[in-house]
Structure formats: structure tokens, C-alpha cells
Amino acid sequence: VVPLLGLYLLAQWLWTGYNCMVSSSWPDLLALSGLLPGWGLWYLLSLATWRVTIPILKGIRSPVIFLVFAALAGAAAGHTNLGPILSLSRTVVFFPYFAAGFFARELNWQSLLGEQRRKIDFAVLALAIALLPCLLYFVHLSDRMILYFDSPLAAVPIRFSWGFLFRVLAYLFAFAVIRWLMLLIPKSQHKWTRIGEATLGIYLGHFYFLLILQHYIPKQDVGLMFLLSPFTTLALLWLLSRPAFLGRLNALHEGMQRLAMHLMCRKIEKG
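Its first residue numbered 377, the sequence shown is counted upward by one per residue in this note's numbering.
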């Protein structure tokens, strides 16, 4: 957890400085302090928080029931004042996915989810297809901010009952899509495997490039954005999955781990 927090703070300071250079603005104090995560960096902060819960997850006897209550808590979190500060809102909302991934590894759910069950699979696919227009309707009813999950539902704005229903349907849709991803992922090594293994590096690096596009392309020029999207996506996938970039990222993370171990050892010696 400590190395992850160190990586977050370093990435946060780099992002804040980079954002100031591109937008020609002064840094925000909340961003400099790490309290307000930069674009996409909320994931590192939330991941550190989720990892703290691993000892609790290991003691859960009914994982499925726990996931149901975690999802209901994530949906109900929209009624609170949890917002982007310290990524509290997203930490609660996206926690069920982390918990599901943990249980999948601990209880070997991968083998179960990897098996084809035609009737169930078609029902899950039908559910996902049926839910998509419902979710898009909620976006039309309120605002696209509802998809960010980083603010109270009152700030979107949308009634809590509708917002709660939207989040419940979003969970169902997401887990239905995950089910089909588990079926479609190749069981053996593939030429695209390197990209799959580099998803964290791609995620951490892509918004540096997108900020430039967002700053220099007018928001109303939707046609140009759609035209550039596929080429930008392929270019970023290729660039950010290169061994040179991943090697530096891994070296940085390992350096944070060594620093954390050194500090812990010194604290033990003093104690």
C-alpha cells in the first residue's frame, strides 16, 4: 500500500505540473497536496484503499452476498456528500469490482466463469443489450457526469431514486460485460497479450496525450474527435505498451517498494 501511495503522489505532482504547462495556469493547492486526484490518478489512490480491505475480504464467508451489499452501498453512496476529494466516491462505487476480482482469484472463479453455458450466456448477453439503452436514457435524462461516479447524485442533478436505480443497472450491465469478456479472452498467449499485461501503464500514460487533444481541439468539433479517436487509441496502445516505457514504470514502482521497506526497517529499529 505504501509504495502505491508513493507512486500516486509522484504521479500526481507530475500531472499537476504538466497540466499547468499545457493550460498555462497556476497549480491547484488541493491537487498539489494530493487531496484532489488528477485525471485518472484517482485509481491509484482508490486501489491503495481497496488493498487495505484485503484482510477483511479474506474473512468473508459468503462472497456473493457480500458483493450484493457492496453494490447496494455503492448505489446508495450517491445520496451522501462523497465527492472527488481523496476519490472517496469512486472508491466506494467501484469497490465491488475490486472485491469480485479478489474473490475470483481466491476462490478460483476464473475456471467457473471461463466455462461456456449457452442458456445462461445468452441470457446474460440479452441482459446487457437490454440495459444499454436504459443507461443511455438516464444519461439523456440527467447529464454525462452521472457516468463519472465522482460526485453526489444531487450535483448531476438527478433524483436519488432514479440515480440509485441507474447505479444498480450499471452494476448489472458491467458484470454482464465482464462475463462475456471472460469468455472471449484467449486461454493461451496471443500477440495482443502484451497490451493486456500493460493496461496499468497504458492507463497511467494515456491522459497526458489526451489533455493536449482536449486543450487544442474545440469541444464542439465532435467530428474531428471521432476521426482522431481510432488512430489515437491505436497509437497510444502501441507506444505505452512498449518495453521501454513499461520497464521505467516497473523500475519506479520497485524503487517505491524499496523506499517503503527502508523506512519501515528504520522505524522498527528505532522502536
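Note that the Cβ used here is the ideal one computed from N, Cα and C, for glycine as well. Since we're looking at a predicted model, the values are computed, not measured.
Buried versus exposed, by CB contacts within 10 Å (16 or more), residue i
i: T456; result: exposed
i: I534; result: buried
i: G454; result: buried
i: A476; result: buried
i: G393; result: exposed
i: W391; result: buried
i: A451; result: buried
i: L589; result: exposed
i: A627; result: exposed
i: G382; result: buried
i: L412; result: buried
i: L423; result: buried
i: F607; result: exposed
i: L603; result: exposed
i: L458; result: buried
Distance CB(residue i)-CB(residue j) smaller than 9 Å
i: P460; j: W418; result: yes
i: L712; j: F621; result: The displayed coordinates of the chain run from 377 to 647. Any statement about residue 712 would go beyond what the structure contains.
i: G416; j: Y579; result: yes
i: L507; j: L545; result: yes
i: V377; j: V428; result: yes
i: R466; j: F551; result: no
i: L501; j: W568; result: no
i: I561; j: G572; result: yes
i: L523; j: F540; result: no
Cβ distance (whole Å) where residue i is taken to contact residue j below 8 Å
i: F474; j: W426; result: 4 Å
i: Y384; j: L421; result: 5 Å
i: A667; j: P431; result: Because the chain is modelled from 377 through 647, residue 667 falls outside the range shown and cannot be assessed.
i: L548; j: L503; result: 7 Å
i: F398; j: L587; result: In the sequence as presented, Phe is not what sits at residue 398; that position holds Val. Yes, V398 and L587 are in contact; Cβ-Cβ is about 6 Å, under 8 Å.
i: A449; j: V468; result: 7 Å
i: D497; j: L559; result: 7 Å
Sequence-distant residues of the same chain with beta carbon closer than 8 Å to residue i, five excluded per side
i: M648; result: The requested residue 648 is not part of the displayed model; the chain covers only 377 to 647.
i: L511; result: F542, L545, A546, F549
i: D404; result: T392, L412
i: C396; result: W402, P403
i: L649; result: Outside the shown range of the chain, which is 377 to 647, sits residue 649, and nothing can be said about it.
i: F470; result: S422, G450, F525
i: R624; result: none
i: F661; result: Missing from the structure shown is residue 661; the chain here goes from 377 to 647 and no further.
Chain-order list of residues whose beta-carbon lies under 7 Å from that of residue i (same chain, five-residue window excluded)
i: A387; result: L417, L420, L580
i: P439; result: F479, L483
i: I593; result: L600, M601
i: R570; result: S617
i: D519; result: V532
i: H649; result: The structure shown has nothing for residue 649, since the chain only spans 377 to 647.
Close beta carbons around residue i, own chain, < 6 Å, minus the five adjacent residues each side
i: F514; result: F542
i: F536; result: H455, L529
i: F583; result: W415, G416
i: L610; result: none
i: F442; result: I436
i: Q565; result: none
Closer than 8 Å: residue i CB and nearest the ligand SAM heavy atom
i: P528; result: In the structure shown, the ligand SAM is absent, as is every other ligand, since no ligand is present at all.
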